[in-house]
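> For reference, the structure I am asking about is given below.
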Amino acid sequence: MSISASTPVPAAAAAVQASESSVSAVSWGAIIAGAVAASALTLLMTLLGSGLGLSLVSPTSNDNASAATVAVSAGIWLIIVQWLSSAFGGYLTGRLRTKWSGVHNDEAFFRDSAHGILAWALATLLAFGLLTSSLSSLIGTGVQAAASVTGATASTAVTAAAASGDANGTDSSGPTAYFVDSLLRPADPRTPPAGASAADATQEISRILANGATTGSIPEGDRAYLAQLVAARTGLSEGDANTRVDTVLRSIDEAKQAALEAADTARKASAGAALAGAISMLIGAFCAGIGAVVGGRQRDDDQLYLTR
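Each number in my numbering comes from the position in the sequence shown (counting from 1) with 1372 added on.
Below you can see the structure in the form of structure tokens.
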């Protein structure tokens, strides 16, 4: 059954159309006010937590908490700060928005929660703009550590190669310097070294270690020659020289493994921090929405009380 254009509109429908507002239901003033208040509270409580944390740590005391304890405490404090500031900003947003006349309670609940989430989103953007450098450093720690360890082998090889081309033939600060010194340490410091010159021996051993770092292992021929070179430079017997070479190479492997484990730990910690931060932000949005609903209901209840 079709309705002609001349069919009159029912009175109830006409009343609904007449009551439809042309003004948006979004109260941007209240949202901005709540976001600014939440950002200010976040900054205040962050500075307060930093001050309390620094007051409990002393560089002259050995009874300070471990680094892991400090990191966990700081993370918990930041989560609490975000939840409290989100709830506070949402509450202010709900209290400051204009009263919606003729709106069902369910619609008012939705609008208030939406206002709280919008205030939380704006406050998050503001806080991110203020703390972007700190957050980037925290999240990127694991990535940078993993990348540095991944490139450690190439860096070692390049540094050792550069050291071999120095005019003096030695490098006292390269990554292989300590291990070279360990290999060439004379059995008796009072006995002058014999055999190849110090510069030539240092360069050759650095190149052997650099090649082993690049390929992942030292060939058996290079290992035997390294033992002979150490024996000639230090005055040790061939058996003692082999033992020293094995000990130093084992120390290199242990240092490499420790660096890999540290990088993996940093990666896992950064991943956990990122996931915890994301979950905390979602809970913060929920707190902001609930705070706005509570504030909005109190605002409407107070307005209803005043009109009686």
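The C-beta atom is built at its ideal place from N, Cα and C for all residues, glycine as well.
Just so it is clear, the structure is predicted and the values come from calculations on it, not from any experiment.
CA-CA distance, V1521 and A1407?
The pLDDT assigned to V1521 is 47, lower than 50, so where the model puts this residue is not dependable; a value taken from the coordinates is nonetheless given after this. Approximately 42 Å, taken between the alpha carbons.
> Do A1613 and A1627 come within 7 Å of each other at the CB atom, strictly closer than that value?
no
> Would you tell me roughly how many angstroms separate the C-alpha atoms of D1636 and A1643, rounded to the nearest one?
If you take the alpha carbons of D1636 and A1643, they lie about 10 Å apart.
> Apart from the five residues just before and just after S1652, which ones in its own chain have a Cβ nearer than 6 Å to its Cβ?
I1451, Q1454
> Taking the C-alpha atoms as reference points, what is the distance between T1586 and L1654?
45 Å
> My understanding is that V1665 touches G1466, with C-beta atoms under 8 Å, so please give their C-beta distance in whole angstroms.
6 Å
> Which residue wins for smallest C-alpha separation from I1662, given the options G1461, T1615, L1413, I1624?
G1461
> Answer with buried or exposed for G1668, where buried requires no fewer than 16 other C-beta atoms within 10 angstroms of its C-beta.
Taking all protein chains in view, the Cβ of G1668 is crowded by 16 or more other Cβ atoms within 10 Å, so the residue is classified as buried.
> What is the DSSP secondary structure of T1586, reduced to helix, strand or coil?
DSSP, read as helix, strand or coil, puts T1586 in helix.
> Determine the extent of the alpha helix (DSSP H) in which L1601 is found, giving its start and end residues.
1592-1606
> Any heavy atom of the ligand NAD closer than 6 Å to the CB of A1643?
Ligands displayed in this structure: none; no statement on the ligand NAD is therefore possible.
> Indicate whether G1488 and A1650 have their beta-carbon atoms separated by less than 7 Å.
No, they are not a contact pair.
> Under 7 Å between the Cβ atoms of L1498 and I1403?
No, the Cβ-Cβ distance between L1498 and I1403 is not below 7 Å.
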